[in-house]
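Below is one structure, written out as structure tokens; comments come after it.
Residue numbers (my numbering), protein chains in the order written: chain F, 275 to 608; chain S, 275 to 608.
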């Protein structure tokens, strides 16, 4: 639907402008806009506020961002974080809850459903108006949304998330790995805006990486791209234990982080490395020594930035994934 | 030029078929084909050999693969290998010469020019008919074709190859890193045909990697993608010394190779890993233990294949790069 796409990208526009940009005749544009107004996907926008001209100003139309909502949810070992936005991507509410890392899969799914209901309620949004739900989960995810491998969520391997969550909203449920979605979230709303080749490192109790190439999530053959952390020589596997036991000096943490990040940087030569997750709250105390260590290990100094999205990168990436799905459906791109 | 593109992709075709596929009128197709025949880019093809039909069979036209030539050259520390093909990609001649690794840059460039003249002479091709020259070189190459970093060709860093070689042929000179071109060569003519996400490992006296994503060379921000070998922990840096001194057991070689390959595989999760270069001549004696070691280090068993292009992968990739350039010019895609 070219007319809706034009209004989404470039609105508010007059009918004449719509016709020109969609390369359709003026009567065709008029019919299309009337139909979209009827369906609630387009609305008349506020009157033009510029200098006054002679005669009645032409009406202007825009994509109706309130025509529905998108949900995004980040499910990890220790927390669940849900976000709701309108179709323009404006976040309406955020809901966060801690969960027990030992939670069995059915209980974790129940906690996810509760979080989705809670965030919708907080925003005053009916779940029946949600057009798509994006889910970011730790573990390897196949193209159907099944978790094919999860090393640390009990019973999570084999969970088909679209099936488990399909009753919640009428729209589609789309699933991806959490680090990958965090990279997408940073590209959309964080420090990777305008940057297309990105390595995002989710560094907390566990460390994992997500990769964006050409502005798109790179998942690889098995959905396992970015899983550099499983190489034992990188030392990423037991950061949690080190942190818990208080064994890790900050130098040792930086060295371990840098080894895996360097392997990733040397492989894909990205424009920026973003450090997110709990460890990123250390800010420059972590970023600066990491930058120095990476410059030492890599061929070229790589730009290293701390995430500014706090713990919301994954959920925002999930919203972006959901919005991509909605836009694909609305604009008939898929 | 839609008509030429249609004939290149789908020829031989009758004028009616050309018009239909290029979505132009029959008279437009007729004019375009007449013009292309005049310019020598299209030729009438051999008569249709199928069942006889009543009446005079319609003439059929095809892209004229002899309308020019492409050159590809691979320049390394120990050898120079040049290939010439017609515009359809049929290889007409190959020329190989050993060079001294200590050769100064001007002498290496002179040896390249001599190799290009030799391969053209062997094929009976005039250098003035060469429409593009592709160059694969070791080291990091910037988008203009300058070698920004070469660790082991004396004086090579800073060499702007298009300038140095521009007098040889009238067409453009396009340059890329050798491992990247080898990946492209394997995608075009080797074991990666039909496979779009590829890691190619050039394993000989030195080891380096090239990456193909979505069927295209992935070079990265500085042209340094695939340079995993510079991480000392991978042990790739002194394979040459190990081999020379006879210190390397085959197990040690496999372990070193596997560490770097695993880091690359875990980062991008490719469909296949191709081992080329001198070591690949060991065939299954190398590939089989490498496969086993990689399955141990990675999340999923990755497909590992030995190159079947012997030492021609890079030069064939260079030809493909040159043909891409020619096709872009001919079809006005750029």
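Idealized CB from N, CA, C, for every residue including glycine. Here the structure is a predicted model, which is why all the values come from computation and not from measurement.
Please report whether the beta-carbon of residue i lies at a distance below 7 Å from any beta-carbon of chain S.
| i | result |
| --- | --- |
| residue 394 of chain F | no |
| residue 367 of chain F | no |
| residue 504 of chain F | yes |
Could you say which of the options lies nearest to residue i if we only look at CA atoms?
| i | options | result |
| --- | --- | --- |
| residue 562 of chain F | F:551, F:579, F:362, F:552 | F:579 |
| residue 355 of chain F | F:363, F:362, F:367 | F:367 |
| residue 315 of chain F | F:369, F:391, F:281, F:443 | F:281 |
| residue 362 of chain S | S:482, S:382, S:339, S:388 | S:339 |
| residue 289 of chain S | S:499, S:334, S:432 | S:334 |
| residue 404 of chain S | S:343, S:440, S:556, S:352 | S:343 |
| residue 348 of chain S | S:422, S:296, S:525, S:454 | S:454 |
| residue 605 of chain S | S:318, S:426, S:310, S:352 | S:310 |
| residue 481 of chain F | F:424, F:495, F:531 | F:531 |
| residue 590 of chain F | F:524, F:359, F:492, F:566 | F:359 |
| residue 556 of chain S | S:467, S:600, S:584, S:466 | S:584 |
| residue 389 of chain F | F:439, F:426, F:423, F:429 | F:439 |
| residue 528 of chain S | S:329, S:475, S:495 | S:475 |
| residue 609 of chain F | F:428, F:345, F:364, F:370 | Coverage of chain F is limited to positions 275 through 608, which leaves residue 609 of chain F absent and any answer about it impossible. |
| residue 554 of chain F | F:526, F:536, F:477, F:278 | F:477 |
| residue 552 of chain F | F:305, F:408, F:352 | F:352 |
| residue 442 of chain S | S:425, S:428, S:401, S:524 | S:401 |
| residue 312 of chain S | S:432, S:278, S:600 | S:278 |
| residue 408 of chain F | F:357, F:524, F:495 | F:357 |
| residue 437 of chain S | S:308, S:387, S:467 | S:387 |
| residue 599 of chain S | S:429, S:406, S:427, S:317 | S:406 |
| residue 501 of chain F | F:432, F:467, F:424, F:431 | F:424 |
Which residues in the same chain have their Cβ closer than 6 Å to the Cβ of residue i, if we skip the five residues on either side of it in sequence?
| i | result |
| --- | --- |
| residue 420 of chain S | 434 |
| residue 350 of chain F | 412 |
| residue 493 of chain S | 499 |
| residue 276 of chain S | 296 |
Is there a C-beta anywhere in chain F that falls below 7 Å from the one on residue i?
| i | result |
| --- | --- |
| residue 501 of chain S | yes |
Sorted by chain position, which residues of the same chain lie with C-beta nearer than 8 Å to residue i's C-beta, five sequence neighbours on each side aside?
| i | result |
| --- | --- |
| residue 608 of chain F | Interpretation of residue 608 of chain F is limited by its pLDDT of 39, a score under 50 that renders its predicted location unreliable; the figure taken from the coordinates is listed afterwards. Same-chain partners within the cutoff: 602. |
| residue 577 of chain F | 545, 546, 547 |
| residue 489 of chain S | 461, 470 |
| residue 319 of chain F | 285, 286, 334, 335, 336 |
| residue 503 of chain F | 480, 481, 482, 483, 510, 511, 534 |
| residue 300 of chain S | 289, 290, 293 |
| residue 564 of chain S | 528, 531, 532, 535, 549, 578 |
| residue 575 of chain F | 565, 568, 569 |
Residues in the same chain with beta-carbon distance under 7 Å from residue i, minus the five sequence neighbours each way, listed in chain order, please.
| i | result |
| --- | --- |
| residue 587 of chain S | 456, 459, 460, 464, 550, 581 |
| residue 252 of chain S | Absent from the structure is residue 252 of chain S, since the part of chain S shown begins at 275 and ends at 608. |
| residue 321 of chain S | 331 |
| residue 341 of chain F | 314, 315, 361 |
| residue 558 of chain S | none |
| residue 304 of chain F | 289 |
Hey, is residue i close to the ligand FMN, as in C-beta under 6 Å from one of its heavy atoms?
| i | result |
| --- | --- |
| residue 574 of chain S | Judged by which ligands are present, the structure shown has none, so any question about the ligand FMN falls away. |
Does the count of Cβ pairs from the stretch 532-540 of chain S and the stretch 567-582 of chain S closer than 8 Å reach three?
Flag = yes, the stretch 532-540 of chain S and the stretch 567-582 of chain S touch.
How do the stretch 437-456 of chain F and the stretch 581-600 of chain F stand: do at least 3 beta-carbon pairs fall below 8 Å, yes or no?
-> Output reads yes: the stretch 581-600 of chain F touches the stretch 437-456 of chain F.
Looking at C-beta atoms only, is the number of pairs between the stretch 367-376 of chain S and the stretch 411-420 of chain S that lie closer than 8 Å three or more?
-> The stretch 367-376 of chain S makes no contact with the stretch 411-420 of chain S: fewer than 3 CB pairs, one atom from each, lie closer than 8 Å.
Which residues, in chain order, does the stretch 478-499 of chain F contribute to contact with chain S at a C-beta distance below 9 Å? Result list: 483, 485, 487, 488, 492, 493, 494, 495, 496, 497, 498, 499.
Review point. Residues in the stretch 417-429 of chain F with C-beta within 8 Å of chain S's C-beta atoms, listed in sequence order?
Key: Legend: CB atoms of the stretch 417-429 of chain F lying less than 8 Å from CB atoms of chain S belong to residues 423.
- Query: the stretch 522-552 of chain S: which residues have C-beta closer than 8 Å to a C-beta of chain F, in chain order?
  - Reply: For the stretch 522-552 of chain S, the residues whose beta carbon sits under 8 Å from a beta carbon of chain F are, in order, 533, 536, 537, 538, 540, 541, 542, 543, 544, 545.
| field | Within 7 Å of chain F by C-beta, residues of the stretch 570-586 of chain S in sequence order | value | So the close ones are 571, 573, 574.
Can you confirm whether the stretch 485-496 of chain S touches the stretch 463-477 of chain S when touching is taken to mean that 3 or more C-beta pairs between the two stretches lie within less than 8 Å? Under the three-pair Cβ rule at 8 Å, the stretch 463-477 of chain S counts as touching the stretch 485-496 of chain S.
- Message: So if I threshold CB-CB distances at 7 Å, which residues from the stretch 459-476 of chain F count as touching chain S?
- Response: The residues in question are 471.
message = Count Cβ pairs between the stretch 378-385 of chain F and the stretch 395-403 of chain F that sit closer than 8 Å; are there 3 or more?
response = Because the criterion of three Cβ pairs below 8 Å is not met, the stretch 378-385 of chain F and the stretch 395-403 of chain F do not touch.
Practice task
Taking a Cβ distance cut-off of 9 Å, strictly less, list which residues of the stretch 443-455 of chain F are near chain S, in chain order.
Solution key: The residues in question: there are none.
Discussion item. Taking beta-carbon pairs under 9 Å, can you tell me which members of the stretch 401-413 of chain F lie near chain S?
Written reply: Answer in chain order: no residues at all.
* To do: Return the residues of the stretch 289-302 of chain F that lie within a Cβ-Cβ distance of less than 9 Å from chain S, sorted by chain order.
  => From the stretch 289-302 of chain F, no residue has a Cβ closer than 9 Å to chain S.
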